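Shown next, in structure tokens, is the structure this report addresses.
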Amino acid sequence: MGYTDVYANWKADPNGFWMQAAEAIDWNEKPSKALFDDNAPLYEWFSDGMVNTCWNAVDRHVLAGRGDQIAIMHESPITHSTKGITYKELQQRVASLAGALRMRGVEKGDRVIIYMPMIPEALEAMLACARLGAIHSVVFGGFAAHELAVRIDDCQPKAIIAASCGLEPNRVVHYKPLLDAAIDQAEHKPEFCVIFQREQEVAKLVEGRDFSWHGFQYGVKPADCVPVEGNHPAYILYTSGTTGQPKGVVRHTGGHLVALSWTMKAIYNIEAGDRFWAASDVGWVVGHSYICYGPLIAGATTVVFEGKPVGTPHPGVFWRVIQNNRIKSFFTAPTALRAIKREDPTGEWIKRYKLHDLQALFLAGERADPDTVKWAQEHLGVPVVDHWWQTETGWAIAANPIGIEELPTKIGSPSVAMPGYDVQVLDEGGHPLKPGELGAIAIKLPLPPGTLPTLWNAEARYKKSYLEHFPGYYETGDAGYMDEDGYLYIMARTDDVINVAGHRLSTGAMEEVLASHPDVAECAVIGISDDLKGQQPLGFLCLNKGCERDHKTIVKECVGLVRDQIGPVAAFKLATVVDRLPKTRSGKILRGTMVKIADGEAYKMPATIDDPAILDEITEALKAMGFPAAK
């Protein structure tokens, strides 16, 4: 069956579709049906089934005779080490850690915070929690003490599992002092902490509270898998909220297993024995879905990468990892690809490696600008699949499902809605718009399995944040349009659609034009306040490495490009060249903060910012253009 048939099958019989998908999972007790809607609009999936995530990700593959296959490959260009862990070894390691946690009183329903870098032990900690039915909450390693304290108070963990440090290309990030400070600040205190001591830094342990990873497990009886209900929370993952209070996205166990299992084959074309790599971090949703759980549920090999796309040691490191691990499907963020393209615009580093096994490149995290997609298509010679999803959904809303049928690529579009998602483009009043018209993107309820059923201890906030604006729909917060063929185009966050003299314009469309300039490696467009027009666009341009052309000339050419391709209606007249853009650690550009700086408003330092010093550089660039500096 092709995509159209599969999508039509889902629409005709959603319950039958997802019950069939659930057959790929080992259940202790099979669910009686897929959707439970008694408490709508709080929908649940597979609620009366009994199941264990760790069994499905680890033990069943050992039982099936594939215990000697590599489950996790650790690649650390920072420590120059490569290490493989088989499914059998992973089973032993996870059962041992779970046994030690159980001995210290961790049981089904208890929360455990995990605060670790990109090492296999981070995945082992997640799986050990899943083995016991404990609910893990991974906090990005190296997150500030205050932000960690907020999360400790919100989910109230019985235990925290951390590493002594994380490693950046030129420095050691001291995790333990951050953890100690967070526990001091938090009102809730964990009963104990488990610290994985790395050889780069041995942390001081607090007597009576802290245990070393290996000592903690010494002589302990391994734990078996504990079956949990389909609607039992597998994890809580915090995403930044507009109020400054993080939102704890909840993921239910049954739907999570079924959805990820379905996507590995249908979207990524990955089956047992294949090799898959998502170059992300376990602190983000991609790390949960497609570094830890998805590939292991499928019985594939997953790569845990501790490094950067450039600088560890060079812009060819991604291609080296793909070559050495014979990766079949590779997933990264557009921002990582842009960083590589900026350092290697002609793709010289790609030519140094043999990428025979690579069948597709997947991009997500923010809009994949057409110029970057074309660069990847040209130099890699494989399908480049932009797909769109969110922390809240846990897997792709729209994609090109190459495991079902490789659809024609339309550059600038993440292709079509996946089964489970009835995607609509609405005007402010909630009425569907015609193809090509820009509006708010919403998804008709219920959302499919594996998506968020609610927020942790915040049901009212869940309804207000996602369900109130368009009754009967989930509001994605993204703006865009759909074409005549059902291809979706995500143009901006709803907040980034700017109003210039009454015209609603997409900053994403302008960025697309600017990125097409041969000297521009990366760019961002924001809407700044204007007394006459309400808002006007302002562009920031990062140039390719080695570009020595006059900046004023490049700015003038870029202004001309936008005028030619979008028209005078965009009123695009202002742009400046900067060395780099402020981003979150997951690569999203902090446009909202840039707007506040340009408008001279006070702003709070974003918790997820990768390098706070960049905001000073942006402030200086704006001052030079005559804008007020933010407080």
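Letter by letter, the sequence shown follows residues 1 to 631 of UniProt numbering. Just so you know, even glycine gets a beta-carbon here, dropped at the ideal spot from N, CA and C. Just so you know, these numbers come straight off a predicted model, no measurement behind them.
(request) Could you tell me if L132 is buried or exposed, where buried requires 16 or more neighbouring beta carbons within 10 angstroms of its beta carbon? (result) On the sequence shown, position 132 is the one that residue 132 refers to. Looking at its Cβ environment, which holds 16 or more other Cβ atoms inside 10 Å, L132 is buried.
(message) Quick check on A607 - is its C-beta less than 7 Å from some C-beta in chain D?
(response) Absent from the structure: chain D. Only one protein chain is present.
(request) Would you mind sorting Q200 into buried or exposed? The rule is 16 or more other CB atoms within 10 Å of its CB. (result) Against the sequence shown, residue 200 aligns to sequence position 200. Per the 10 Å Cβ criterion, exposed.
(request) Would you kindly report the start and end of the unbroken beta strand (DSSP E) that includes A12? (result) Locating residue 12 in the sequence shown gives position 12, where the first residue counts as 1. First-last for A12: Y3 to A12, but that is the alpha helix (DSSP H), not the beta strand (DSSP E).
(request) With distances taken Cα to Cα, identify the nearest neighbour of L622 among F140, A598, L615 and Y603. (result) Here residue 622 corresponds to residue number 622 of the sequence shown, with the count starting at 1. The candidate whose alpha carbon is nearest that of L622 is A598.
(message) Just to confirm my understanding: we take V202, look at its own chain, exclude 5 residues before and 5 after, and list those with CB closer than 7 Å. What are they?
(response) Here the question's residue 202 lines up with position 202 in the sequence shown. So the qualifying residues of the chain are S164.
(request) Can you have a look at H80 and say buried or exposed, based on whether 16 or more other CB atoms are within 10 angstroms of its CB? (result) For the purposes of this step, residue 80 is taken as the residue at position 80 of the sequence shown. With fewer than 16 other Cβ atoms within 10 Å, it is exposed.
(message) I'd like the list of long-range same chain contacts for W262, defined as Cβ closer than 6 Å, with 5 residues on each side in sequence excluded.
(response) On the sequence shown, position 262 is the one that residue 262 refers to. A21.
(request) Can you grab the Cα-Cα spacing for the pair A417 / P77, in whole Å? (result) By 1-based counting over the sequence shown, the position of residue 417 is 417. By 1-based counting over the sequence shown, the position of residue 77 is 77. Taking the straight line joining both Cα atoms gives about 37 Å.
(request) Would you kindly work out how many angstroms separate the C-alpha atoms of K308 and R563, rounded to a whole number? (result) Translated into the one-based positions of the sequence shown, residue 308 becomes position 308. Translated into the one-based positions of the sequence shown, residue 563 becomes position 563. One C-alpha to the other measures close to 36 Å.
(request) Provide the residue span of the beta strand (DSSP E) that contains residue 673, from first to last. (result) In the structure displayed, the chain extends from 1 to 631; residue 673 sits before or after that span and is not available.
(request) Quick one: measure Cβ to Cβ for F331 and A279, integer angstroms, because I've assumed they're closer than 8 Å. (result) For this step, residue 331 is matched to residue 331 along the sequence shown. For this step, residue 279 is matched to residue 279 along the sequence shown. The Cβ separation is near 7 Å, so the contact holds.
(request) Could you give the DSSP three-state label for I554: helix, strand or coil? (result) Locating residue 554 in the sequence shown gives position 554, where the first residue counts as 1. Looking at I554 - three-state DSSP - the assignment turns out to be helix.
(message) Using a Cβ-Cβ cutoff of less than 6 Å, which residues in the same chain neighbour S516 once the five nearest sequence positions on both sides are dropped?
(response) The residue given as residue 516 occupies position 516 in the sequence shown. Contacts found: D371.
(message) Can you give me the C-alpha to C-alpha distance between W10 and I404, rounded to a whole angstrom?
(response) Along the sequence shown, one-based indexing puts residue 10 at 10. Along the sequence shown, one-based indexing puts residue 404 at 404. The straight-line gap from Cα to Cα measures roughly 14 Å.
(message) Pairs of beta-carbons, one from the segment 536-549 and one from the segment 607-616, closer than 8 Å: are there three or more?
(response) no
(message) Using only the alpha-carbon positions, how far apart do I498 and P537 sit?
(response) Looking up residue 498 in the sequence shown gives position 498. Looking up residue 537 in the sequence shown gives position 537. Taking the straight line from one Cα to the other gives about 8 Å.
(message) Distance check for V106 and R209, CA to CA, integer angstroms please.
(response) Position 209 of the sequence shown, counted from the first residue, corresponds to residue 209. Position 106 of the sequence shown, counted from the first residue, corresponds to residue 106. Going from the Cα of R209 to the Cα of V106 covers about 15 Å.
(request) State whether the segment 185-196 contacts the segment 61-78, with contact taken as three or more CB pairs (one from each stretch) at a distance under 8 Å. (result) no
(request) Taking all protein chains shown into account, decide if K176 is buried (16 or more other Cβ within 10 angstroms of its Cβ) or exposed. (result) Taking the sequence shown and counting its residues from 1, the one referred to as residue 176 is at position 176. Classification of K176: buried, given that the 10 Å Cβ count is 16 or more.
(message) Check this for me: beta carbons of V258 and I236, under 7 Å apart or not?
(response) Counting from 1 along the sequence shown, the entry for residue 258 is found at position 258. Counting from 1 along the sequence shown, the entry for residue 236 is found at position 236. No, they are not a contact pair.
(message) Please identify the residue among V173, F196, R151 and K434 whose C-alpha is closest to the C-alpha of Q185.
(response) To locate residue 185, count along the sequence shown from 1; it is residue 185. Per the Cα distances, R151.
(request) Let me know if E512 comes out buried or exposed under the rule of 16 or more other beta-carbons within 10 Å of its beta-carbon. (result) As a first step, residue 512 is located in the sequence shown; it is residue number 512 there, counting from the start. Buried, by the Cβ-count rule.
(request) Measure from the alpha carbon of R352 to the alpha carbon of each residue in N231, E459, K328 and H379, then state which is nearest. (result) For the purposes of this step, residue 352 is taken as residue 352 along the sequence shown, with counting starting at 1. The residue with the shortest Cα to Cα distance from R352 is H379.
(message) To the nearest angstrom, how far is the alpha carbon of K583 from that of F143?
(response) By 1-based counting over the sequence shown, the position of residue 583 is 583. By 1-based counting over the sequence shown, the position of residue 143 is 143. Distance between the alpha carbons of K583 and F143: 15 Å.
(message) Could you give the first and the last residue of the continuous alpha helix (DSSP H) run that contains K351?
(response) Mapped onto the sequence shown, residue 351 falls at position 351. From DSSP, the alpha helix (DSSP H) with K351 extends over E348 to K351.
(request) Using three-state DSSP, classify residue 640 as helix, strand or coil. (result) Given that the chain is displayed from residue 1 to residue 631, the structure contains no residue 640 and the question cannot be resolved.
(message) Nearest by alpha-carbon distance to P401: which of G365, D427, L361 and G439 is it?
(response) Working through the sequence shown from its first residue, we reach residue 401 at position 401. Considering only alpha carbons, the answer is L361.
(request) Could you pull the start and end residues of the beta strand (DSSP E) that D530 belongs to? (result) If you number the sequence shown from 1, residue 530 lands on position 530. Unbroken beta strand (DSSP E) run through D530: V520 to D530.
(request) Return the chain-ordered list of same chain residues with a C-beta closer than 7 Å to the C-beta of N15, the five sequence neighbours on each side being excluded. (result) For the purposes of this step, residue 15 is taken as residue 15 along the sequence shown, with counting starting at 1. If we look at N15 and ignore the five residues flanking it on each side, its Cβ neighbours are K33, A34 and L35.
(message) Tell me which residue opens and which closes the beta strand (DSSP E) that M491 is part of.
(response) The count along the sequence shown starts at 1 and reaches residue 491 at position 491. Taken as a continuous stretch (DSSP letters only), the beta strand (DSSP E) holding M491 covers L488 to R493.
(request) Per DSSP, which residues does P432 bridge with? Please list them. (result) Numbered from its first residue, the sequence shown carries residue 432 at position 432. Answer by DSSP bridge pairing, in chain order: L426.
(request) Please confirm whether any heavy atom of the ligand GDP lies closer than 6 Å to the CB of V94. (result) Looking for the ligand GDP in the displayed structure turns up nothing, as the structure carries no ligands at all.
(message) Could you check whether L179 and A162 sit closer than 7 Å to each other, using their CB atoms as the reference points?
(response) Residue numbering aside, residue 162 sits at position 162 when the sequence shown is read from its first letter. Residue numbering aside, residue 179 sits at position 179 when the sequence shown is read from its first letter. Result yes, Cβ atoms of A162 and L179 sit closer than 7 Å.
(request) Leaving aside the five residues before and after S329 along the sequence, list all residues of the same chain whose C-beta is less than 7 Å from its C-beta, in chain order. (result) Along the sequence shown, one-based indexing puts residue 329 at 329. Around S329: Y268, N269, I270, F276, Q359, A360 and F362.
(message) I'd like to check one pair, T619 with T391: are the Cβ atoms closer than 7 Å?
(response) If you number the sequence shown from 1, residue 391 lands on position 391. If you number the sequence shown from 1, residue 619 lands on position 619. Result no, Cβ atoms of T391 and T619 do not sit closer than 7 Å.
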